[in-house]
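Data first, discussion second: the structure below is written as structure tokens.
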Amino acid sequence: MTFIEQFKKIMQDALPTFLENPFIKDCEAGRVDARALYTYIYQDNIYLDVYLPLFSKGLDNFDINSESLRQFEGDQETEPHLMLQKLADQKDPAAKKTITKEWLPATIGYLKHIQNSQQEGDFIFLCSLAACPYVYGYLNEKMIESGQITEDNPYYPWFDFYKGTDGQLTVDFMKVLEEQAEKVDADLQSRGLTAFYQAVQFESDFFAQAVEDRA
Numbered sequence: 612m613t614f615i616e617q618f619k620k621i622m623q624d625a626l627p628t629f630l631e632n633p634f635i636k637d638c639e640a641g642r643v644d645a646r647a648l649y650t651y652i653y654q655d656n657i658y659l660d661v662y663l664p665l666f667s668k669g670l671d672n673f674d675i676n677s678e679s680l681r682q683f684e685g686d687q688e689t690e691p692h693l694m695l696q697k698l699a700d701q702k703d704p705a706a707k708k709t710i711t712k713e714w715l716p717a718t719i720g721y722l723k724h725i726q727n728s729q730q731e732g733d734f735i736f737l738c739s740l741a742a743c744p745y746v747y748g749y750l751n752e753k754m755i756e757s758g759q760i761t762e763d764n765p766y767y768p769w770f771d772f773y774k775g776t777d778g779q780l781t782v783d784f785m786k787v788l789e790e791q792a793e794k795v796d797a798d799l800q801s802r803g804l805t806a807f808y809q810a811v812q813f814e815s816d817f818f819a820q821a822v823e824d825r826a
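For the sequence shown, our numbering begins at 612 and goes up steadily by one.
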């Protein structure tokens with residue numbers, strides 16, 4: 612099994628966990644929990660404040676100039692955030708005042724993991740950065756294709772956005788990783804896969820914490 616095949620299998624194996632994630636299950640059922648959505652948006656902005664400069668650094672380390680990857684660098688106050696905010700505003704705008712205005716555990720742990728990966732070397736750093744776009748693109752595409760998210764679902768525009776944008780982003784990232792994996796030894800590849808696996812788990816935790824954090 613090639614490096615990229617192993618990389619993709621990690622996400623395939625993780626899919627059932629994401630489908631059981633309380634945040635994703637709410638989306639699938641069309642349930643709008645305003646407080647959870649406001650929490651997710653707040654935490655994602657905190658996360659992206661740190662992640663996007665790291666993402667940019669990861670691309671610069673390998674002189675990567677993919678248009679889709681470079682576009683991702685500036686996506687903080689994003690269209691999908693506005694989609695979720697609209698749903699939350701329609702449901703219960705007062706819930707915004709009740710969210711926790713601090714860094715939640717998964718946000719802290721995820722960013723620390725990426726920063727630690729950076730200290731291990733450029734290739735491992737790149738592998739840890741890949742989970743963010745890869746999870747969104749893969750999960751949303753699979754849920755739309757399977758019919759779990761349909762056009763009458765209030766979250767459909769959010770899922771469809773990531774299917775359309777992160778899809779190409781994932782393709783470009785996989786191409787870069789495949790090229791770079793051929794330049795490193797088996798031990799470094801293994802450590803890169805571990806870094807990606809751990810980042811994927813943090814992605815699931817990041818979604819879940821939005822629902823689990825209660826006043």
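Beta carbons: idealized from backbone N, C-alpha and C, even for Gly.
Keep in mind that this is a model prediction, so the values were computed, not measured.
Relative to D783, the option among T761, S728, L670 whose CA is nearest is L670. In this structure, S739 sits near F807, with a CB-CB distance shorter than 8 Å. Taking the Cα positions, N751 is about 27 Å away from Q791.
Counting along the chain, the unbroken alpha helix (DSSP H) around A647 starts and ends at 645-672. Within 10 angstroms of the beta-carbon of R642 lie fewer than 16 other beta-carbons, which makes it exposed. Between the region 699-707 and the region 643-662, the count of Cβ pairs shorter than 8 Å is three or higher; the stretches touch. Buried is the label assigned to G748, since at least 16 other Cβ atoms lie within 10 Å of its Cβ. DSSP places R802 in the helix class (H, G or I) of the three-state scheme. Cα atoms of M785 and I652: separation of roughly 27 Å, rounded to the nearest angstrom. Scanning I615, F614, E814 for the CA closest to the CA of A717 turns up E814. Take Y766, set aside five residues on each side of it, and the residues of its chain with a beta-carbon closer than 6 Å to its own are C638, in chain order. With fewer than 16 other beta carbons inside 10 angstroms of its own, M612 counts as exposed.
L737 sits in a helix when the DSSP states are folded into three classes. In this structure, DSSP gives K786 a helical state, which the three-state scheme calls helix. Cβ neighbours of I635 within its own chain (closer than 7 Å, five residues either side excluded): F629, F818. Rounded to the nearest whole angstrom, the CA to CA distance from A705 to V822 is 17 Å.
Contact between A810 and H724 is confirmed by a C-beta separation of about 6 Å, below the 8 Å threshold.
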